[in-house]
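What follows is a short report on a single structure.
Residue numbers (the UniProt record's numbering): 1 to 214.
Quick look at the structure:
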């Protein structure tokens, strides 16, 4: 049997924030298609780790590799095409001045995800995957329910078709039905998931391995 190689590797990561050492010599390997859980108390550095992996925050020491190539060798756009982040539900993630259609068109245009004539079909497909009606396209974010809002955030990340998706408490504060709906959708996608959560039961149920930050 051929040994799987890691799609994402973190080596000897170190980070200090507000004079607190969050990580020292932190290592992690994520295989293609693998779900890796990250658990830990508030303030243990889970969100900081998510931002570092996404390239949104600098490290003090250490390296991150995608298929053996160091993070700094990628442009920001190239890295975000491969690694996407969905954060905990808040009402600040989506631009309140734009309709959902305008918001969903942004990653398609930014990353050239579909030919001009195929953009509408791609958006309709992701809405269907997220069990959202087409009528939502004309709405503004403030008109969405909490579950709809978070599923649009998931849809934005999935439109990019990342190879690694980081879910930072992405299903927290949602009702159980919406949470299960989102997790079921993510499980169908051919990607690796770094699943950050305070819910140990969910992590053990969905993840192949997990790491606890202390």
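Virtual Cβ for every residue (Gly too), placed ideally from N, Cα, C.
*To the nearest angstrom, how far is it from the Cα of residue 1 to the Cα of residue 190?*
Confidence at residue 1 is low in this model, with a pLDDT of 41, below 50, so the placement of that residue should be treated as unreliable; the coordinate-derived value is given next. Taking the Cα positions, residue 1 is about 21 angstroms away from residue 190.
*Straight-line Cα distance separating residue 162 from residue 73*: If you take the alpha carbons of residue 73 and residue 162, they lie about 18 angstroms apart.
*asked:* Going by DSSP in three states, residue 175 sits in which element: helix, strand or coil?
replied: Note: residue 175 maps to coil in three-state DSSP.
*Just mark residue 87 as buried or exposed, buried being the case when its beta carbon has 16 or more other beta carbons within 10 Å.*
By the Cβ neighbour-count rule, residue 87 is buried, with 16 or more other Cβ atoms within 10 Å of its own.
_Give me the DSSP bridge partner(s) of residue 210._
For residue 210, DSSP records a beta bridge to 37.
*Decide if the region 131-150 is in contact with the region 170-186; the criterion is three or more beta carbon pairs, one per stretch, under 8 angstroms apart.*
Yes, the region 131-150 is in contact with the region 170-186.
*asked:* Across the region 198-208 and the region 19-27, are there enough close Cβ pairs to call them in contact, namely three or more that are closer than 8 angstroms?
replied: No, they do not touch.
*Would you mind stating whether residue 210 and residue 7 have Cβ atoms separated by less than 7 angstroms?*
No. Outside cutoff.
*So is residue 83 in contact with chain D if we call contact Cβ pairs under 7 angstroms?*
Structure shown: chain D not included; a single protein chain is present.
_Runs of beta strand (DSSP E) wholly within the region 65-109 (minimum 3 residues, chain order)_ = Within the region 65-109, the complete beta strand (DSSP E) runs of at least 3 residues are 83-86.
_Give me the residue from 109, 89, 188 and 186 with the minimum Cα distance to residue 175._
The option with the nearest alpha carbon to residue 175 is 89.
_For residue 28: DSSP bridge partner residues_ = Looking at the DSSP assignment, residue 28 forms a beta bridge with 10.
*Looking only at DSSP bridge pairs, what is residue 17 linked to?*
Partner(s): 20.
*Among all the DSSP beta bridges, which residues are the ones paired with residue 196?*
Residue 196 is bridged to 38 and 168.
_Please return the same chain residues whose Cβ sits closer than 8 angstroms to the Cβ of residue 132, not counting the five positions on each side in sequence._
Excluding residues within five positions, the ones whose Cβ falls inside 8 angstroms are 148, 151, 152 and 155.
_Given this structure, state the Cα-to-Cα distance separating residue 103 from residue 50, to the nearest angstrom._
In this structure, the alpha-carbon of residue 103 lies about 23 angstroms from that of residue 50.
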